[in-house]
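In mature numbering (1 follows the signal peptide of the UniProt record, and there is no 0), the protein residues as written are -17 to -1, 1 to 226.
Glycine included, each C-beta is placed from N, C-alpha and C at the ideal position.
A short write-up of the structure that comes next.
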């Protein structure tokens, strides 16, 4: 009696980790573009006003960096201070209270939960500087010189000794990866858009086994061409001629 057992497996292909090619077209593919936690971060060291920095990010479908977690805060600070060695830099991030004084929100419309304000900065700080300047300081910078602490700054210009000084700073853009073509499956991760996952089906193992339940057969009869009878229950030969 033959028993054939076939084993099949589904192989689901997951793409490799996201690369710079997954970031929006038009964003420079150089050492200023880094992937972290499922997002593309573009570090821009041209010092420009807040509105121009924000427009640059929005041009490619992004925002200024949304620093909503301690992990991202530490990552951005370490990149600026240790990887790029911009130890004296201040960079625009995507937090402001332009719409309503002291109600800071992220550019994607979400409320402020995690924060990293420097002493005397942020909403309702009560500092002398805040009392006199809070109506004009609506945008936020991450200050590398203060180990990444946040300061609220004027979005356009500051007044120093009765003279007006433009607020020009570096900035970080944040983008959601746009994904690869459907021929390159990618693994879906938290915070990213759903992407196509290819499924391939192929046989992996085919096993064949032969079993013989009949005992060794011996018989003194010579049944010639007629052959031996078969047991009706087991199907095994018995020592009787099949006449």
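Beta-ladder partner(s) of residue 124, from DSSP
75, 134
Just tell me which of 137, 158, -1, 44 has its CA closest to the CA of residue 151.
137
Expressed to the nearest angstrom, what Euclidean distance is found between the alpha-carbon atoms of residue 155 and residue 145?
31 Å
Using a 10 Å radius around the Cβ and a threshold of 16 neighbouring Cβ atoms, would you call residue 78 buried or exposed?
buried
Tell me whether residue 53 sits in a helix, a strand or coil according to DSSP, three-state version.
helix
For residue 224, the three-state DSSP class (helix, strand or coil):
strand
Could you tell me which of 90, 203, 85 sits nearest to residue 158, measuring between CA atoms?
90
For residue 45 and residue 9, the rounded distance between their alpha carbons
12 Å
Taking its Cβ as the centre, do 16 or more other Cβ atoms sit within 10 Å of residue 124, making it buried, or is it exposed?
buried
Excluding sequence positions up to five away, which residues of its chain have a Cβ less than 8 Å from the Cβ of residue 127?
60, 63, 64, 69, 70, 71, 72, 73, 74
Taking the Cβ atom as the reference point for each residue, do residue 67 and residue 26 lie within a distance shorter than 9 Å?
yes
Which of the three DSSP states is assigned to residue 152 in this structure?
strand
Return the residue from the list 204, 58, 80 that minimises the CA-CA distance to residue 105.
80
Could you have a look at residue 58 and say whether DSSP puts it in helix, strand or coil?
helix
Same chain only: Cβ atoms within 6 Å of residue 100, ignoring 5 sequence neighbours per side:
133
In the DSSP assignment, what are the bridge partners of residue 142?
147
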